[in-house]
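Protein chains in written order, with the numbering used here: chain A, 3 to 412; chain B, 3 to 412; chain C, 3 to 339; chain D, 3 to 339.
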Amino acid sequence: MSDLKPLSFHVPAPAVRPGGAPDFRDVKIPPAGAVDRPPIDVAPEDIRDLAFEIIRVLNRDSEAVGPWAGLLSHEELLEGLRHMMTLRAFDARMQMAQRQGKTSFYMQHMGEEAVSCAFRKALSPGDMNFPTYRQAGLLIAGGYPMLDMMCQIYSNERDPLKGRQLPVMYSAREHGFFSISGNLATQFVQAVGWAMASAMKRDTKIAVGWIGDGSTAESDFHSALVFASTYKAPVVLNIVNNQWAISTFQGIARGGSGTFAARGLGFGIPALRVDGNDYLAVYAVAKWAIERARSNLGPTLIEYVTYRVGAHSTSDDPSAYRPKTESDNWPLGDPVLRLKNHLIREGAWSEERHTQAEAEILSTVIAIQKEAESHGTLHSGPHPSARDMFEGVYEEMPPHLRRQRQQGGV
Amino acid sequence: MSDLKPLSFHVPAPAVRPGGAPDFRDVKIPPAGAVDRPPIDVAPEDIRDLAFEIIRVLNRDSEAVGPWAGLLSHEELLEGLRHMMTLRAFDARMQMAQRQGKTSFYMQHMGEEAVSCAFRKALSPGDMNFPTYRQAGLLIAGGYPMLDMMCQIYSNERDPLKGRQLPVMYSAREHGFFSISGNLATQFVQAVGWAMASAMKRDTKIAVGWIGDGSTAESDFHSALVFASTYKAPVVLNIVNNQWAISTFQGIARGGSGTFAARGLGFGIPALRVDGNDYLAVYAVAKWAIERARSNLGPTLIEYVTYRVGAHSTSDDPSAYRPKTESDNWPLGDPVLRLKNHLIREGAWSEERHTQAEAEILSTVIAIQKEAESHGTLHSGPHPSARDMFEGVYEEMPPHLRRQRQQGGV
Amino acid sequence: MPRRTMVEAIRDAMDVSMQRDDNVVVFGEDVGYFGGVFRCTQGLQRKFGSSRCFDAPISELGIVGTAVGMAAYGLRPCVEIQFADYMYPAYDQIVSEAARLRYRSAGQFTVPMVVRMPTGGGIFGGQTHSQSPEALFTHVSGLKTVVPSNPYDAKGLLIAAIEDNDPVIFLEPKRLYNGPFDGHHDKPVTPWARHALGEVPEGHYTVPLGKAVVRRPGTAVTVLAYGTMVYVSEAAAAETGIDAEIIDLRTLVPYDLDTIVASVRKTGRCVVVHEATLTSGFGAELSALVQETCFYHLEAPVMRVTGWDTPYPHAQEWDYFPGPDRVGRTLKAVMEA
Amino acid sequence: MPRRTMVEAIRDAMDVSMQRDDNVVVFGEDVGYFGGVFRCTQGLQRKFGSSRCFDAPISELGIVGTAVGMAAYGLRPCVEIQFADYMYPAYDQIVSEAARLRYRSAGQFTVPMVVRMPTGGGIFGGQTHSQSPEALFTHVSGLKTVVPSNPYDAKGLLIAAIEDNDPVIFLEPKRLYNGPFDGHHDKPVTPWARHALGEVPEGHYTVPLGKAVVRRPGTAVTVLAYGTMVYVSEAAAAETGIDAEIIDLRTLVPYDLDTIVASVRKTGRCVVVHEATLTSGFGAELSALVQETCFYHLEAPVMRVTGWDTPYPHAQEWDYFPGPDRVGRTLKAVMEA
Ligand SMILES: Cc1ncc(C[n+]2csc(CCOP(=O)(O)OP(=O)(O)O)c2C)c(N)n1
Ligand SMILES: Cc1ncc(C[n+]2csc(CCOP(=O)(O)OP(=O)(O)O)c2C)c(N)n1
Ligand SMILES: [Mg+2]
Ligand SMILES: [Mg+2]
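See below:
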């Protein structure tokens, strides 16, 4: 042992940095239709390989192929397309509103629209999502009023959260959308608790946890797997792997040859990976996992392989840490475009109708935005009152807070 | 969806409870010698199956068989036997001392002696363990003075930790033994940090994290895997699965068809399971993992399958939650007996020499105990002083603590 | 009326609550089959089934995190952290989630959850079985923090906490589980059976959160205490002969300022006693509040007697613990000031 | 002398420390290639290589937990938590491990580690980018807690913290990163280039931990403040015309009692100001200390001006923030008391 070589420290780095040419050669993409669709009561140990595959339905020719295809009608797919287009238009407007100083902060979904929009379609009323800030598609596809979303973003007098929360940190219980936390990952384990409660009460509702690739490093992710597997909770645990966590690529979170889905294997939790830019694949996998949960078969862990096309938030500029054109080279393409092309190929849609729909959607969004702004923006008010600030800390305001409110003169 | 069946809540329970007959039928034990020994630079994805096997060397006939056998001489094995016997004698005496009120608390190792004693043998000077309270074998096999251990247990005037720590929460930097924390799991990730530091400094030393099966549920376990895999830290991560966590069986921590070792798979960390009651198997696996770490090949996760024969601690009575005779039925037997029988079969040992060694060891332990007690016990003193209580909170005592020491009159 | 230990009273509170409300569930490490390392949940699993009372993995984060989800769903989880010293892994879920959820969701989601944990020293538990972290909760808006000092209050406060619609941290002074303890560790233990506050009514009753109680009326000096320190203060008053008015706060947040102010304005002197370390302990808040509200009535500085600013040591337990001697000395000092 | 922003001064402190001592390493979320979301570590990876400055997974527990291991090995990690609001997952490693290790190992293992984190409000960050959790550290024996208020101090204190052999929590008031801020949010931002304390010497120097400084000498009332509140207090003094003596504490623990006592004994009055919520905030400790040590010199109660006991709201930021008006009103009240 005297001729020991010194150790060396390894810090993973992405294939390219700004200035370099985008390179996704190490992202292995199996062909569409290639991955089996096991029965929902499959033994988790029999499908361990699915944690290292990618389930895909739409192929390069925009056809829906393989065992996960064929679940949605054209009408349903057109509705899905509209949801994604609406989310994209909404994002564009709010992003601009932030630049205009009408709110402090915004976070967009560009490139990831299929994940939340398609997943939402597979849920039933009463099911509860525990989302991150990048699943507004759940609200849009779930029919939550866009006006409420905008009023919250503007922290105006009509803000359903009374100005207390950051923009985009929505809460909509009636729409199966849990209050978003600014602290990453905390809600992944709460989803498991909700699901446990549903099982305890012999309810039929399930819960859904959402987390980003980077956030899987947080402790709550682990607790969620521990509790979900121990109590076979009726929960779907969704990991949205959009390749980036602010400025760090997924190699800082993933750990060598592992996958995020494969984190489930040590817990006996069925683990699937899916093409997150494929509306049909996302829906199919979501439906499979939701059925498992609802049939009391326990949790499923799903990794959505997608790409964050935009900046992390309005406070971020990704050109500082990745090539500007990286997103153009993302091998799974654009979810809106892929679904549009599929519907055109199926004869259910056309370029013209798409262009027209785009214009229609935009003008609807703009109309709602106008209405929202008539209730105020962060910049110009009117805002929720200072009184609102003191309310709701407890069910009843305790004496010390009442004294403080008096001191505050409100 | 109108005819949905209500969900139901699942709480895992052990096969038997007090009053029932012990039943280990669901513990699958592969035959000794059956599991391959891959090269240390194997790709983690090529040995995923090892996370669901058990590496064993000693067979039912006390022979050492298979690819993991043949690494230790008889002399070395005899030394190992002596370490385990010493730990057992030490435990017996300290357990009794606690009953006699000479200390507040004790935790024994009965049944798990091979794990820490054999692992220690594979380490080099300068390597650092981050142990739990059930690895005193690392100290005994590492030559740490038993007198120091006892003085710490008694919190007497010669206590190297000055009365500040609970009994059994040793600290011995010079012996590669990190200060034990009373908070479970916290040190698993610290081990990774130590290993990262060693790699950063181009040192040749490695670190070893230790954790119990139950404690793998804690967050630090997850962080350790995240950081170890990200930075390929030169660390061995040891999970001692002794089937119990105080009163809860491992089903409360494991999650269905997973194994503790398989937690490594999602991180691309090689994961092995080993017969923890087989001194030879533990040594062989330890050596493999330590060589990997020292060759800059990164972390290894090892699950030691063993059984906690005794109570959790002197505050615990296991007859309240498991059959009294359960330990007699543990299919992997007793580590001391198995090594003894192997050495006898090899012609290197005999019943007589064993009995004689037992007596010798006991009298040595008793002699040291006498000496330790001459320096005081918790019951009767002399103890470290109240002055010691105020020292060492910071490198230099800050003014406010100096004032408090004055007020305390010391 | 039956006499109960504090352990029995706490168990009884959960039993009564579980009977009255199906939504009350109890879980934690070793809490189910075994009934908890201090036996506070013994028999509940057998009585209510393992969907109502069960063992949890060793993850304080997971215990509180799932409880937050359950509470938001509509249950009333009452969870146990095995020792308060082990609450830190759950601290994020308590502070960032349980305490904030009602506020940030504008009341859409609430967290009617109780987190029970044994607190304090006196059992030779060393630095990880002896801590008193109450100040880490009292600083967090949205939490209520309760510390009972006897079986009667423990039962009534715990039922009130379970019925409360906000998250409540319920700190159980473990040295009081089996009897009152005045710090004279060399004297035999008094059982609750011989103490009036060991009388615990059957069935449902509550002791309201946010109300302190005068344990010993007096005129010379007000002592603000809670948990074990109530008995230590009583002993100190008895042994010094100082006619102290001893207030048992019971709830730290929301605190009962009226009771405190009325007493200090009467006595003109105040001593605050707790086991937790001094700096930034809850005693600091009490001291600040008293001088803010009673400045013109104070004849001497408000003094604090607390654990020292060191980790809780093992061998030096009785040097660390603020016993009747230390409290008595401070009472005298305040009287002479 | 060069003028620097506080961000530059902090970066410079790490740069200087990394040059002088190979054992200093810097890591955290987005800290490596990108240089940190507030740019405090920009350029360090390029200069010192990715073994000395690197990106970490999003696990505050892991960041601090590995740093504890590195520090015990012999390095001097200086890690960043992206916002103080995200320190809770690391709280167990800070409290149970970093703060206790020297003590429980009788000095065999020590934790010369710095945990930097942006703190405080004023940037419309809402409840999870605005918190001031200093009291959660000041209650923990074994930790030091530092809050600089200007570039000069930030550099000198951070170098001192990195060279300190105990764990130091280094809270950086994010609203001060680019200029002093007195709470008048509607006025244009003053850059550090126009402030004397924006003068930052090149190279190595330290500002010792545990020493406060008088920012504005005065005779009427002592104001105890730190971070952003130093400027708010200055504005309040100027606007009320009250001759306040403003003390910038700089280090909260160990605190500089001598400077505090000397001032309060002189002025006979004291106001404590911080952004953190009132109850059990560090202001409570300061208030308690002042009245314990200066009781007979006090002509009015020690008063506190702080954030309210609510989560930090988004829209009502300026109703929440203790600005010059609120401080001024309290100064007047204390003068009239
Ligand atoms: C506990 C915590 N730590 C750090 C942050 C700061 N932060 C906000 S978003 C983010 C990156 C998250 O990345 P990922 O989980 O991949 O989600 P994505 O943004 O890609 O959807 C970070 C580090 C936070 N909000 N909470
Ligand atoms: C953070 C924390 N939570 C809970 C405990 C209480 N506790 C001490 S040992 C133990 C069981 C640990 O079981 P396991 O990890 O399997 O180790 P074993 O005792 O079997 O060696 C528990 C729950 C603790 N010490 N620390
Ligand atoms: Mg991401
Ligand atoms: Mg165990």
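Idealized CB from N, CA, C, for every residue including glycine. Please read all numbers here as calculations on a predicted model, not as lab measurements.
| Query | Result |
| --- | --- |
| For serine 107 of chain C, the nearest candidate out of A:Arg90, A:Leu163, A:Trp70, A:Met86 (CA to CA) | A:Leu163 |
| Cross-strand partners of cysteine 80 of chain C (DSSP beta bridge) | C:Val28, C:Val116 |
| Expected contact under 8 Å - CB spacing of aspartate 280 of chain A and alanine 116 of chain A to nearest Å | 7 Å |
| heavy atom of ligand 4 below 7 Å from glycine 278 of chain B C-beta | no |
| Simplified DSSP state of serine 19 of chain C, which is helix, strand or coil | helix |
| C-beta atoms of leucine 160 of chain C and isoleucine 65 of chain C nearer than 8 Å | no |
| Neighbourhood of aspartate 311 of chain D by C-beta, 8 Å cutoff - its chain only, sequence neighbours within 5 removed | Thr279, Leu280, Thr281 |
| The alpha helix (DSSP H) enclosing glutamate 81 of chain B, as first and last residue numbers | 76 to 101 |
| Three-state secondary structure (DSSP) of lysine 146 of chain D | strand |
| Classification of arginine 118 of chain C by the beta-carbon crowding that lies within 10 angstroms, buried from 16 upward | buried |
| Contacting residues, own chain, Cβ-Cβ under 7 Å from glutamate 293 of chain A (five flanking each side not counted) | Ile42 |
| Integer-rounded CB distance, given that aspartate 14 of chain D should sit under 8 Å from tyrosine 35 of chain D | No, tyrosine 35 of chain D and aspartate 14 of chain D are not in contact; Cβ-Cβ is about 20 Å, not under 8 Å. |
| Residues near histidine 402 of chain A in its chain [Cβ-Cβ closer than 7 Å; skip 5 each side] | none |
| 8 Å Cβ cutoff, asparagine 185 of chain A in contact with chain D | yes |
| Cutoff 6 Å; reference threonine 250 of chain A; Cβ partners in own chain excluding five residues on either side | none |
| heavy atom of ligand 4 below 7 Å from asparagine 244 of chain B C-beta | yes |
| Cβ pair histidine 206 of chain D, arginine 6 of chain D closer than 8 Å | no |
| Beta-carbon neighbours of serine 225 of chain A, restricted to chain C and to distances below 7 Å | Ser61, Leu63, Gly64, Gly67 |
| Shell residues, 5 Å Cβ cut-off relative to heavy atoms of ligand 1 | A:Arg136, A:Asn185, A:Leu186, A:Gly214, A:Asp215, A:Gly216, A:Ser217, A:Asn244, A:Ala247, A:Ile248, D:Glu31, D:Ile60, D:Gln84, D:Tyr88 |
| Proximity below 8 Å, CB of tyrosine 108 of chain A to CB of glutamine 102 of chain A | no |
| Neighbourhood of isoleucine 370 of chain A by C-beta, 8 Å cutoff - its chain only, sequence neighbours within 5 removed | Met148, Leu149, Met152 |
| Length-filtered (3 minimum) beta strand (DSSP E) runs lying within the stretch 174 to 231 of chain D | 215 to 218, 223 to 227 |
| 8 Å Cβ cutoff, alanine 193 of chain B in contact with chain A | no |
| Cβ distance (whole Å) where isoleucine 49 of chain B is taken to contact proline 272 of chain B below 8 Å | 6 Å |
| C-beta contact flag for asparagine 240 of chain B and glycine 270 of chain B at 8 Å | no |
| Span of the beta strand (DSSP E) around threonine 308 of chain D | 305 to 309 |
| Cβ of isoleucine 142 of chain B within 8 Å of any chain A Cβ | no |
| Proximal chain D residues relative to proline 386 of chain A, where beta-carbon distance stays under 8 Å | Ala317, Gln318 |
| Ligand 4 heavy atom lying under 7 Å from the CB of arginine 324 of chain B | no |
| Under 8 Å by beta carbon: chain F residues contacting glutamate 294 of chain C | Considering every chain present, this structure includes no chain F. Its protein chains are A, B, C and D. |
| 8 Å Cβ cutoff, threonine 134 of chain B in contact with chain D | no |
| Touching by the beta-carbon criterion (3+ pairs, under 8 Å), the stretch 173 to 187 of chain B and the stretch 125 to 136 of chain C | yes |
| Whole-angstrom C-beta distance between proline 59 of chain D and alanine 219 of chain A, which should lie under 8 Å | 4 Å |
| Contact test: histidine 314 of chain B Cβ vs ligand 5 heavy atom, cutoff 7 Å | With respect to small molecules bound, the structure shown includes ligand 1, ligand 2, ligand 3 and ligand 4 and not ligand 5. |
| Residue range of the beta strand (DSSP E) that includes isoleucine 56 of chain B | Isoleucine 56 of chain B -> no beta strand (DSSP E), and no H or E assigned at all. |
| DSSP bridge partner residues for methionine 130 of chain A (one or two, in chain order) | A:Ala209 |
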